[in-house]
Ligand code: NDP
């Protein structure tokens, strides 16, 4: 038996990746590490399976994907316990995560034909003798690289949409959560035993890098911005298209007419859910001066009530990736050293493998706690003059993933002006569970979209076809045209487009 030195830190021994719980060090499972050749073979198998998966047609895929959805729904508690055993996430949080994943799988499956299926488009007067036909065809084999913080929802957000669009998938779960990833790959194989339509390859970052270079037709990556850059560079070698869902530093804006109790409740949930290890978690809050003091008091009161520990029903579990604790500690220490104050928690809140809720105020805007992804249960709250100042500060970072606005009269215009891919009004994070809405960032938070119609199209290529339906009255795209016809075309263009 291999000795595991640091609970939660994955170990590779004898060709296996051993995953452990960050609080207890208990082994959650072990999986074979893939070599670059193994990854290439998985992609080859996926390529063969692709012909079968495409050949099933929408109806055949739909029937199988709905069966997969049913397995996830019926065994939701079992999967939530796997997520808890491996990453330490409280079971209730894991259940909420899996519910969202199931909803997305259901929606993608039921809407694939509507969004991607063949359709006739209207012809215009120019080229009126041709019919316009559009359809979306699958890429073939999609490589999905996932993070550890939402090991079910995040990878399945790509996998489910990619499969529904007719692709096969080779999936590299995070080294911190391979067991959860393998669980649903195995569950999928139970309902689709015929071909390896969904496979997992395990290991460290080099396995993800190998997947980028293994001949996949598209890579869907979710993880940090630093790794996103490496993935894009690797994919550039072969012009493999990429979808990048990367980090964030989401802000909440609290306006004068906000319901402060609701705002405080959402701030604490948005900042502390999954112990703050959420790409779209709230990390910074800008509250306008008239409501600032009352709002801070309500946040502190609520956050102070949260329970922390290993028990599956604690509000906050351990920090899943032990190295993150040093980053959280550095952000808190730096904020305090530079004039900030902890009105809840502080340096003593960092008690590995846990971090207790910490609320920081008066933190300079150029400090790490405001500018960098903290990924812990910490919030900075800053007093601002008005919503305009809040927007300027919220939009000052290279990240642009989600965001939240609390208020009434100006809430929608403020949400529109947030430089982000998503925004929630009078709630936080809720857009991720809305399967009809696209999800993705701007700037350092990446590009491309999962979820919704855009999320299905992300995993398919448009195929445009024109079909002649009659002779050309004014032939243009042929050497058979005559000077007289060109003269008539010029006259027609002036008539159609010559006036503004
Ligand atoms: P990482 O970037 O460290 O890892 C993400 C994945 O990439 C892992 O599977 C990792 O493997 C793999 N990987 C590492 N190196 C390479 C490489 N050179 N080439 C290809 N793949 C590689 O992110 P984390 O797992 O730490 O996840 C947390 C981050 O994810 C945060 O920044 C968070 O904001 C972001 N995130 C973004 C979301 C979004 O939708 N925008 C959603 C959820 C999280 P291994 O684990 O083995 O190193």
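Numbering (my numbering), first residue to last: 156 to 655.
Virtual Cβ for every residue (Gly too), placed ideally from N, Cα, C.
Small disclaimer: the values here were computed from a predicted structure and weren't measured.
Q. Any contact of the stretch 466 to 478 with the stretch 533 to 545, i.e. 3+ C-beta pairs under 8 Å?
A. no
(Q) Is it the case that the stretch 345 to 359 contacts the stretch 500 to 520, given that we only count it when at least three CB pairs across the two stretches are under 8 Å? (A) no
Q: Name the two residues that bound the continuous beta strand (DSSP E) containing residue 487.
A: Here the question's residue 487 lines up with position 332 in the chain shown. Note, residue 487: premise wrong, no beta strand (DSSP E); alpha helix (DSSP H) at 479 to 492.
Q: Name the two residues that bound the continuous beta strand (DSSP E) containing residue 296.
A: For the purposes of this step, residue 296 is identified with residue 141 of the chain shown, where counting begins at 1. Note, residue 296: beta strand (DSSP E), 296 to 300.
Q) Is residue 556 near the ligand NDP, judged by its Cβ being under 7 Å from some heavy atom? A) Position 401 of the chain shown, counted from the start, is the residue given in the question as residue 556. Checking the Cβ of residue 556 against the ligand NDP gives yes.
Q.
When you compare the CB positions of residue 163 and residue 568, do they come within less than 8 Å of one another, or not?
A. As a working mapping, residue 163 is identified with position 8 in the chain shown. As a working mapping, residue 568 is identified with position 413 in the chain shown. No. Outside cutoff.
Q: Mind checking who residue 289 pairs with in its DSSP beta bridge?
A: Locating residue 289 in the chain shown gives position 134, where the first residue counts as 1. The partner list for residue 289 (beta bridge, DSSP) reads 274, 619.
Q) DSSP state of residue 447, grouped into three classes? A) Numbered from 1 along the chain shown, position 292 holds the residue referred to as residue 447. Reduced to three states, the DSSP call for residue 447 is helix.
Q: Helix, strand or coil for residue 534, going by three-state DSSP, please let me know.
A: Taking the first residue of the chain shown as 1, we reach residue 534 at position 379. Here residue 534 sits in strand by DSSP.
**Q.** Close Cβ partners of residue 327 (< 6 Å) along its chain, the five nearest in sequence each way excluded
**A.** Numbered from 1 along the chain shown, position 172 holds the residue referred to as residue 327. Same-chain partners within the cutoff: 300, 356, 362, 363, 366.
Q) Given 8 Å as the limit, is there contact between the stretch 296 to 311 and the stretch 369 to 380, that is, 3 or more CB pairs closer than that? A) yes
Q. Residue 310 lies in the beta strand (DSSP E); which residues open and close that run?
A. Sequence index remark: in the chain shown, residue 310 carries index 155 (1-based). Residue 310 -> not in any beta strand (DSSP E); alpha helix (DSSP H) instead, spanning 308 to 319.
(Q) Using a Cβ distance threshold of 8 Å, determine whether the stretch 623 to 634 contacts the stretch 332 to 348, with at least three qualifying pairs required. (A) no
Q) What does DSSP give as the partner residues of residue 601 in its beta bridges? A) Locating residue 601 in the chain shown gives position 446, where the first residue counts as 1. Looking at the DSSP assignment, residue 601 forms a beta bridge with 400.
Q. Is the distance from the Cβ of residue 583 to the Cβ of residue 407 below 8 Å?
A. Position 428 of the chain shown, counted from the first residue, corresponds to residue 583. Position 252 of the chain shown, counted from the first residue, corresponds to residue 407. Contact: yes.
Q: Tell me whether residue 293 is buried or exposed, calling it buried when 16 or more other Cβ atoms sit within 10 Å of its Cβ.
A: Position 138 of the chain shown, counted from the start, is the residue given in the question as residue 293. Buried: at least 16 other Cβ atoms inside 10 Å.
Q: Would you check if the distance between the CB atom of residue 264 and the CB atom of residue 303 is smaller than 8 Å?
A: Here the question's residue 264 lines up with position 109 in the chain shown. Here the question's residue 303 lines up with position 148 in the chain shown. Their beta carbons are not under 8 Å apart, which means residue 264 does not touch residue 303 by this criterion.
Q) When DSSP labels each residue in this structure, what does residue 280 get in the three-state scheme? A) In the chain shown, residue 280 corresponds to position 125, counting from 1. Coil, per DSSP.
Q.
Looking at the secondary structure, which residues open and close the alpha helix (DSSP H) in which residue 343 lies?
A. Position 188 of the chain shown, counted from the start, is the residue given in the question as residue 343. Note, residue 343: alpha helix (DSSP H), 333 to 346.
Q: Return helix, strand or coil for residue 373, following the three-state DSSP convention.
A: Counted from its first residue, the chain shown places residue 373 at position 218. Correct three-state label for residue 373: strand.
Q. Would you say residue 386 touches the ligand NDP, meaning its beta carbon is less than 7 Å from a heavy atom?
A. Residue 386 sits at position 231 when you count from the first residue of the chain shown. It does: the Cβ of residue 386 is within 7 Å (strictly closer) of some heavy atom of the ligand NDP.
Q) What are the residues that DSSP puts in a beta bridge with residue 405? A) For the purposes of this step, residue 405 is identified with residue 250 of the chain shown, where counting begins at 1. Paired residues: 437.
Q | Spatially closest choice to residue 479 from 460, 273, 528, by CA coordinates | A | Taking the first residue of the chain shown as position 1, residue 479 is located at position 324. Nearest C-alpha to residue 479: 528.
Q.
Helix, strand or coil for residue 432? Go by DSSP, reduced to three states.
A. To locate residue 432, count along the chain shown from 1; it is residue 277. Coil, per DSSP.
Q: State the beta-bridge partners of residue 587 as determined by DSSP.
A: Taking the first residue of the chain shown as 1, we reach residue 587 at position 432. Paired residue(s): none; residue 587 is not in a bridge.
Q. So residue 465 is in the beta strand (DSSP E); what residue range does that whole segment cover?
A. Within the chain shown, the letter at position 310 stands for residue 465. Unbroken run through residue 465: none, as it is neither H nor E.
Q.
Assess contact between the stretch 391 to 406 and the stretch 511 to 518, defined as three or more Cβ pairs (one per stretch) separated by less than 8 Å. Is contact present?
A. no
Q) Would DSSP call residue 395 helix, strand or coil? A) As a first step, residue 395 is located in the chain shown; it is residue number 240 there, counting from the start. Three-state DSSP puts residue 395 in coil, outside helix and strand.
Q | Host beta strand (DSSP E) of residue 515 (start-end) | A | Taking the chain shown and counting its residues from 1, the one referred to as residue 515 is at position 360. From DSSP, the beta strand (DSSP E) with residue 515 extends over 513 to 516.
Q.
Just checking residue 152 against the ligand NDP - is the residue's beta carbon closer than 7 Å to any of the ligand's heavy atoms?
A. In the structure as shown, the chain starts at 156 and stops at 655, and residue 152 therefore has no counterpart that could be examined.
Q: Compare the Cα-Cα distances from residue 226 to each of 347, 215, 277 and report the closest residue.
A: Here residue 226 refers to the residue found at position 71 of the chain shown. Considering only alpha carbons, the answer is 347.
**Q.** Candidates 605, 204, 176: closest to residue 238 by CA position
**A.** Numbered from 1 along the chain shown, position 83 holds the residue referred to as residue 238. Comparing Cα positions, the closest option is 176.
Q.
Between which two residues does the alpha helix (DSSP H) holding residue 638 run?
A. Position 483 of the chain shown, counted from the start, is the residue given in the question as residue 638. Residue 638 -> alpha helix (DSSP H) spans 638 to 652.
**Q.** Rounded separation between residue 493 and residue 522 - CA only
**A.** In the chain shown, residue 493 corresponds to position 338, counting from 1. In the chain shown, residue 522 corresponds to position 367, counting from 1. Rounded to whole angstroms, residue 493 to residue 522 spans 8 Å at the Cα level.
Q) Buried or exposed: where does residue 306 fall if 16 or more other Cβ atoms within 10 Å of its Cβ makes it buried? A) As a position in the chain shown, residue 306 is number 151, starting the count at 1. Under this definition residue 306 is a buried residue.
**Q.** residue 567 - containing alpha helix (DSSP H), residue span
**A.** For the purposes of this step, residue 567 is taken as the residue at position 412 of the chain shown. From DSSP, the alpha helix (DSSP H) with residue 567 extends over 566 to 572.
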